[in-house]
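Undergrad: The following block contains the structure, expressed as structure tokens.
4 protein chains.
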Amino acid sequence: MGNSFGQLFRITTWGESHGGGVGVVLDGCPPRLSLSEADIQPDLDRRRPGQSKIVTPRKESDTVQILSGVFEGRTLGTPISMWVKNEDQRSEAYSEMSEKFRPSHADYTYQAKYGIRAWPGGGRTSARETIGRVAAGAVAKKLLRERWGVEVLACVTRIQDVQVAVDPNGFTLDQVEATPVRCPDLAVAERMIELIESTRSAGDSVGGIILGVARGVPVGWGDPVFDRLEADLGKGMLSLPATKGFEIGSGFGGVAMTGRQHNDLFRNVDGRVRTTTNRSGGVQGGISNGETIYFNVAFKPTATVFHEQDTVDVHGQNTTLKPRGRHDACVLPRAVPMVEAMTALVLVDHALRHQAQCGA
Amino acid sequence: MGNSFGQLFRITTWGESHGGGVGVVLDGCPPRLSLSEADIQPDLDRRRPGQSKIVTPRKESDTVQILSGVFEGRTLGTPISMWVKNEDQRSEAYSEMSEKFRPSHADYTYQAKYGIRAWPGGGRTSARETIGRVAAGAVAKKLLRERWGVEVLACVTRIQDVQVAVDPNGFTLDQVEATPVRCPDLAVAERMIELIESTRSAGDSVGGIILGVARGVPVGWGDPVFDRLEADLGKGMLSLPATKGFEIGSGFGGVAMTGRQHNDLFRNVDGRVRTTTNRSGGVQGGISNGETIYFNVAFKPTATVFHEQDTVDVHGQNTTLKPRGRHDACVLPRAVPMVEAMTALVLVDHALRHQAQCGA
Amino acid sequence: MGNSFGQLFRITTWGESHGGGVGVVLDGCPPRLSLSEADIQPDLDRRRPGQSKIVTPRKESDTVQILSGVFEGRTLGTPISMWVKNEDQRSEAYSEMSEKFRPSHADYTYQAKYGIRAWPGGGRTSARETIGRVAAGAVAKKLLRERWGVEVLACVTRIQDVQVAVDPNGFTLDQVEATPVRCPDLAVAERMIELIESTRSAGDSVGGIILGVARGVPVGWGDPVFDRLEADLGKGMLSLPATKGFEIGSGFGGVAMTGRQHNDLFRNVDGRVRTTTNRSGGVQGGISNGETIYFNVAFKPTATVFHEQDTVDVHGQNTTLKPRGRHDACVLPRAVPMVEAMTALVLVDHALRHQAQCGA
Amino acid sequence: MGNSFGQLFRITTWGESHGGGVGVVLDGCPPRLSLSEADIQPDLDRRRPGQSKIVTPRKESDTVQILSGVFEGRTLGTPISMWVKNEDQRSEAYSEMSEKFRPSHADYTYQAKYGIRAWPGGGRTSARETIGRVAAGAVAKKLLRERWGVEVLACVTRIQDVQVAVDPNGFTLDQVEATPVRCPDLAVAERMIELIESTRSAGDSVGGIILGVARGVPVGWGDPVFDRLEADLGKGMLSLPATKGFEIGSGFGGVAMTGRQHNDLFRNVDGRVRTTTNRSGGVQGGISNGETIYFNVAFKPTATVFHEQDTVDVHGQNTTLKPRGRHDACVLPRAVPMVEAMTALVLVDHALRHQAQCGA
């Protein structure tokens, strides 16, 4: 259980790191959307290992294939099945993993829960699982753009102690894609890249923060009381590997303010109800208020570090483990399209839910 | 939509601030659990207005009544319906609210989404909605305690700029309940109470942070990939009114560390696999690892402040609003049982899901 | 589990025969529908015991109360909670039931499944459970009528060996309500009433068939492949107490025909695509085709008969049981509003689902 | 929407007749079940076209490939993705179908609902969709057999006017598989085969009835009130293409009996509570009672007949259509494994649900 996300625009992902591949089935997509692999591959390329010098050099093309749900270039309203074949399966490089639990990975908990685990490449816990999310997210982003004029975007704002304040309304996809670290501030991006490279050289790893935004969301999306927009966004983000925190609008920082300071006052601006500030982060009472939605996601440093560390083996005996092979010293650049994907999936789901109940 | 939470231990809450009452239907409770109103009322009393000098004096007994699902003192396995009657309905005190949107409340978004809203007392957006959650949460807490030896607890660790570090393993319910602010550190609690009282005198409000913990959770609860334990906990917390952030384990602070510093190393301790640190917060790969689960929840300052503020009316015209009546200057003390309730609901749901798939 | 029905227009029923009452929470109702108890009570009155000489004389007013989700006479889009208090609780009359399992009732299976059961009045297995369905169904029928011009109706076409062929397009609510047996053919109705009365005098019981119809359903409702309209209708009907069969359109009788005989040919009639026959029963490939939807539901004879019958007691020992008290000799007249309710609930759910995915 | 079935043992099928293939993702399978393609292929072969002289000669091997969820021959507890490639895609043979709606097929309703349809081979409405169900059903059948000792089986009991009464406890898989028509009575089977052949020669088609049984189901599976075992079985069966009716136990025939005649009396047999008759069909109050579950499913005659028939085209104009190509004159033999699959899927789902709530 647990491999599906969304209610009306619903994805189910499948696949292990080593095996037949990874994929996703997307059910509930509106019919007659123009769609082909060309709409999806670019985001998969942004997520792919080996795309730049600061990410893991695992060599796979990650070429997506649409197996169903599209006819003559348009969606049918039936399930869209997409898959990416696994290519680079050097399982021998990981053989020690069959016997020892990697610290701060999910090896131990999977083994304890299921009594079995696919240890090569981390099996289901591999970041390859997110391929299905990113593929479906690309469909969601296209729908948002074409049907509702909504733009979903994310960027890296912090790597360990290197950080920059980014205005949720003040950056573009081009700026994000200008450097491999996906921070729109070029000067800071350079420092981040240096930090990641020196960290990798040291066999260590770093985490950071990704800012996610959605611009142009109409008033009224989100379903109180449990399926608030921020609750579903939070769940989506916290379902991404290596995430440890989520905050929307003023977030943890807003705690230091008083109510008088924090409140977003309403004003009529050009005939439209707007707020003069946006500490709410575009959501009030779980429902979008027409302002830009923005939130931060905290990613812990990558668990794989190339130093010998204490651990236990599958028999519960104390031992040590020094990983070999290849791994990202920092996952955040590749996680940017994942954050976008989960954001878009949540928004389309709520757009359709709003359309169902409120007819618009 | 959106008024249900959980898959196998599933609650549906209903009710507006002013109307027949508020309640909850709990479906999926295991049979033969000893249960009566006496198990539930104490948590409702902790949530209740008027319980101490620092919370809103709205006078309601909030007496719960179990209408179904229990026979001769034990659960039947059928839906447990619980309700609390609304008593204190001075709707005239709120009449300006029918015409004006309160800043940073959900009045505007509800009106925009549904084309109608129950303005007296905030209708469905009132904190009274959480009565149903707390009632069902009390059942969940009892189940956790009796069937799995799990203890769920929460406390206030920060009010605006007054804060204290609390060890997730180092505080008790008695310490939490020792002061009306529900911070287990008595000296800090006193300062918090002073801050809340002075804030209320100034007609202003403050927010803060609640720490939630679950001790004794066995290894193996949680369903990757989307229904990770932390994702469901995050969703649960972010569905509570006034929340703006959630972090588990090292959270946003962990971002400053490297992987070598952050990793929780495994050790065999007395024949059991343990971690020497707990930056993971008791969850790895979405599955509990047997360590204490702990997380922080950020609450914004209460939106109702007793000062005149800019806003718009239901016709979109600029105006001002100065609330009258009664309102918490700080919701956190009353939110402690809400955090416990959502934690317990998530845990029981995953306990049953684990039992379903893995048979234990 | 199992006490909810529907995905977007979702009901959760609760309550036992003897206890606080029975009720339903309806989530997902579109906002701004005019609604009051007066819209619901008539169908509850049709379902009520004691309404005529041929149904059980249990004396309860079954007065519904709307507790939430309606404000100033219109729906809010929030959950609509409705309940009916239990009044007539002569539990002493049923005391033998605490020790013995009634044949062909659910006493034994409940006890075996849950290890406990509420024996007074049959507890959750009592037909009182359907009060919640009928109440929510009344809301659904009103929505169908007002928003889509759809009419849902049902009638009795067979009681044991007394039967009549009824044209799905050829009967009215007035005709159904003209006699207490709810068969629109007056002559047949009279024979049915006689049969029920003589059966009751003999302490025995009879079953029969109810025809359900939905007229005016637009083309396009229904979600292949699993949530076909007929599959959801079938599930809805088979979830009613005492049902043993469901057939749509030509049903079991269609088995005797060849494809050439059975096929519904398309013709353009006044600019609209119609079929010249309707053996499909208004549904093709799981989706409504614009023709009248009609189906039959088989109800077994009531299990309670006033004769001594073999059974076992709760200790598994052979014994006999002769029921006392009051019970319908035939449930079909009271089941007519239940069939209508489940039909309407399925249709609204699919109307909203269609609106979500296909935007109309 | 609508392409998933089950709650805890949940399948999502995908695929059109002509395209990348058809497949299924199965989520919630218990871990450590021994599983390989060899467990699945036999049922796909029973479902496959071209397996005998009385079914459509479409030539495809329908070879299943497990892409995920299995490691070293055992299930992981993660999603099991299975697919079958489409091979035989002579779309030119169907070109008239792009312009005309086949009578009693789903061409018109799909076009009306979605504004688009994949006309080659019927697209999503093709019986190829059931490949995914049968594949997942094979996993379910294996689980039922190995974990609970439950045997699921189905057979053809009627083709048009040729029929035989089959004792639910009195036939074996070998008897079913002894003839291509899958009726365990050899003499009747021969007459059925003759009827199908002569019907095919005449360019016509026939329907019939399939009996489904489950033997050895323990007491206690099934969730009242909406997810009764018979309601979920009914939904499963009515979701199969060409089905028009479902009845369990005494079904429509039970309507002719009185309660005294119909009741199943309880007796203690060798220390176990049994019923002396089984008109309930193994289910009471929605919960299995330990007796054999049995039910009938009505299939209409195949809609494709090789005669010119009236219809309309995609522009709504009257026209005629005479199908070409290949099609089953009777789908029932191939539908037998589909009935078994849906039965097994429902039972495993409820077995896990029972395990979740009642812990056994």
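Protein chains in written order, with numbering that gives the first Met the number 0: chain A, 0 to 359; chain B, 0 to 359; chain C, 0 to 359; chain D, 0 to 359.
For glycine and all other residues, C-beta sits at the position ideal for the given N, C-alpha and C.
(1) Where does TRP147 of chain C fall in DSSP's three states?
(2) Mark GLY136 of chain C as exposed unless 16 or more other C-beta atoms lie within 10 angstroms of its C-beta, in which case mark it buried.
(3) Where do the ends of the alpha helix (DSSP H) carrying VAL205 of chain B lie?
(4) Taking buried to mean at least 16 other C-beta atoms within 10 Å of its own C-beta, is GLY270 of chain A buried or exposed?
(5) What is the DSSP secondary structure of MET256 of chain A, counted as helix, strand or coil?
(6) Should LEU351 of chain D be flagged as near chain B, meaning a C-beta pair shorter than 8 angstroms?
(7) Residue ranges of each alpha helix (DSSP H) run of no fewer than 4 residues wholly in the segment 102-139 of chain B, ordered along the chain?
(8) What are the boundary residues of the alpha helix (DSSP H) that LEU172 of chain A is part of?
(9) Can you find the residues in the same chain that come closer than 7 angstroms, C-beta to C-beta, to ILE292 of chain D, ignoring five residues on each side of it along the sequence?
(10) Throw me the rounded Cβ distance for the ASP231 of chain B and LYS234 of chain A pair, which I believe falls under 8 angstroms.
(11) Beta strand (DSSP E) containing ALA297 of chain D: first to last residue?
(12) When you compare each of B:ARG227, B:ASP160, B:HIS261, B:ARG323 to PHE298 of chain B by their alpha carbons, which one comes out closest?
(13) What are the uninterrupted segments assigned as alpha helix (DSSP H) that are 4 or more residues long and contained completely in the segment 209-269 of chain A, given in chain order?
(14) Span of the alpha helix (DSSP H) holding GLN50 of chain D?
(15) How big is the Cα-Cα spacing for PRO167 of chain B and VAL133 of chain C?
(16) Please decide whether GLN283 of chain D counts as near chain B, where near means a Cβ-Cβ distance under 8 angstroms.
(17) Assuming MET81 of chain B is part of the beta strand (DSSP E), what are its boundary residues?
(18) For the beta strand (DSSP E) containing GLN308 of chain A, list its first residue and its last residue.
(19) Going by other Cβ atoms of all chains shown within 10 Å of its Cβ, with 16 needed for buried, is LYS52 of chain D buried or exposed?
(20) Going by DSSP, what residue range makes up the alpha helix (DSSP H) through LEU403 of chain D?
(21) With DSSP as the reference, label GLN390 of chain D as helix, strand or coil.
(22) Under three-state DSSP, which class holds ALA164 of chain B?
(23) Please classify GLN316 of chain C: is it buried, with 16 or more other beta-carbons within 10 angstroms of its beta-carbon, or exposed?
(24) Ignore the nearest five residues each way along the sequence and tell me which others in ARG227 of chain B's own chain have a CB closer than 6 angstroms to its CB.
(25) Determine the chain D residues that contact ILE400 of chain A at a beta-carbon separation under 9 angstroms, and present them in chain order.
(26) Measuring alpha carbon to alpha carbon, tell me which of D:GLU176, D:SER3, D:LEU7 ends up nearest ASP348 of chain B.
(27) Look up SER33 of chain D in the DSSP assignment and give the residues it is bridged to.
(28) Taking only the alpha-carbon atoms, compute the straight-line gap between LYS243 of chain D and THR301 of chain D and give it to the nearest angstrom.
(29) Counting beta carbon pairs with one atom in the segment 334-348 of chain C and one in the segment 135-154 of chain C, are three or more of them shorter than 8 angstroms?
(30) Please classify LEU7 of chain D: does DSSP put it in a helix, a strand, or coil?
(31) Taking DSSP as the reference, what is the three-state secondary structure of ARG271 of chain B?
(32) Check for me: the beta strand (DSSP E) holding ASN317 of chain B runs from which residue to which?
(33) Tell me, please, which residues DSSP counts as bridged to THR12 of chain C.
(34) Under 8 angstroms between C-beta atoms, does SER67 of chain A make it to chain D?
(35) Nearest CA to the CA of THR319 of chain A: which residue from A:MET96, A:LEU34, A:ASN262?
(36) Using a 10 Å radius around the Cβ and a threshold of 16 neighbouring Cβ atoms, would you call ARG323 of chain D buried or exposed?
TA: From the atom records:
(1) As a position in the third sequence, residue 147 of chain C is number 148, starting the count at 1. Three-state DSSP puts TRP147 of chain C in a helix.
(2) The count along the third sequence starts at 1 and reaches residue 136 of chain C at position 137. Answer is buried; the Cβ neighbour count reaches 16.
(3) On the second sequence, residue 205 of chain B is found 206 positions in, with the first residue counted as 1. No alpha helix (DSSP H) holds VAL205 of chain B; DSSP gives it neither H nor E.
(4) Position 271 of the first sequence, counted from the first residue, corresponds to residue 270 of chain A. Label assigned to GLY270 of chain A: exposed.
(5) Indexing the first sequence from 1 puts residue 256 of chain A at position 257. Coil.
(6) What you label residue 351 of chain D is simply residue 352 of the fourth sequence in a count that begins at 1. So, interface residue.
(7) Here the runs fully enclosed are 106-113.
(8) If you number the first sequence from 1, residue 172 of chain A lands on position 173. 172-176 is the span of the alpha helix (DSSP H), which, as asked, contains LEU172 of chain A.
(9) Position 293 of the fourth sequence, counted from the start, is the residue given in the question as residue 292 of chain D. The answer, listed in chain order, is VAL212, ALA213, VAL216, GLY280, GLY281, VAL282.
(10) The count along the second sequence starts at 1 and reaches residue 231 of chain B at position 232. The count along the first sequence starts at 1 and reaches residue 234 of chain A at position 235. Rounded, the Cβ-Cβ distance is 7 angstroms, consistent with contact.
(11) Within the fourth sequence, residue 297 of chain D is the residue found at index 298, counting from 1. 292-298 is the extent of the beta strand (DSSP E) around ALA297 of chain D.
(12) By one-based count along the second sequence, residue 298 of chain B stands at place 299. It is B:ASP160 whose Cα lies nearest to the Cα of PHE298 of chain B.
(13) 228-237, 258-261
(14) As a position in the fourth sequence, residue 50 of chain D is number 51, starting the count at 1. No alpha helix (DSSP H) holds GLN50 of chain D; DSSP gives it neither H nor E.
(15) Counting from one through the second sequence, the residue named residue 167 of chain B turns up at place 168. Counting from one through the third sequence, the residue named residue 133 of chain C turns up at place 134. Using only the alpha carbons, I get a separation of about 49 angstroms.
(16) For the purposes of this step, residue 283 of chain D is taken as residue 284 along the fourth sequence, with counting starting at 1. GLN283 of chain D does not count as touching chain B.
(17) Counting from 1 along the second sequence, the entry for residue 81 of chain B is found at position 82. Taken as a continuous stretch (DSSP letters only), the beta strand (DSSP E) holding MET81 of chain B covers 79-83.
(18) Residue 308 of chain A sits at position 309 when you count from the first residue of the first sequence. Note, GLN308 of chain A: beta strand (DSSP E), 308-311.
(19) Taking the first residue of the fourth sequence as position 1, residue 52 of chain D is located at position 53. Under this definition LYS52 of chain D is an exposed residue.
(20) This structure cannot settle anything about residue 403 of chain D, because the visible part of chain D is limited to 0 through 359.
(21) Outside the shown range of chain D (0 to 359) lies residue 390 of chain D, about which nothing can therefore be said.
(22) Translated into positions along the second sequence, residue 164 of chain B becomes position 165. Coil, per DSSP.
(23) The residue you call residue 316 of chain C lines up with position 317 of the third sequence. GLN316 of chain C comes out exposed.
(24) If you number the second sequence from 1, residue 227 of chain B lands on position 228. Within the same chain, ARG227 of chain B has close Cβ partners GLY221, GLY285.
(25) The question about residue 400 of chain A has no answer here: the residues shown for chain A are numbered 0 through 359.
(26) Reading the second sequence from its first residue, position 349 is the one you call residue 348 of chain B. The candidate whose alpha carbon is nearest that of ASP348 of chain B is D:LEU7.
(27) As a first step, residue 33 of chain D is located in the fourth sequence; it is residue number 34 there, counting from the start. Partner(s): D:ARG73.
(28) For the purposes of this step, residue 243 of chain D is taken as the residue at position 244 of the fourth sequence. For the purposes of this step, residue 301 of chain D is taken as the residue at position 302 of the fourth sequence. Going from the Cα of LYS243 of chain D to the Cα of THR301 of chain D covers about 12 angstroms.
(29) yes
(30) Locating residue 7 of chain D in the fourth sequence gives position 8, where the first residue counts as 1. Note: LEU7 of chain D maps to coil in three-state DSSP.
(31) Residue mapping note: residue 271 of chain B aligns to position 272 of the second sequence, counting from 1. Strand.
(32) Within the second sequence, the letter at position 318 stands for residue 317 of chain B. From DSSP, the beta strand (DSSP E) with ASN317 of chain B extends over 317-320.
(33) On the third sequence, position 13 is the one that residue 12 of chain C refers to. Partner(s): C:VAL23.
(34) What you label residue 67 of chain A is simply residue 68 of the first sequence in a count that begins at 1. Chain D, which has a Cβ nearer than 8 angstroms to the Cβ of SER67 of chain A, makes this yes.
(35) Within the first sequence, residue 319 of chain A is the residue found at index 320, counting from 1. The residue with the shortest Cα to Cα distance from THR319 of chain A is A:MET96.
(36) Taking the fourth sequence and counting its residues from 1, the one referred to as residue 323 of chain D is at position 324. Per the 10 Å Cβ criterion, exposed.
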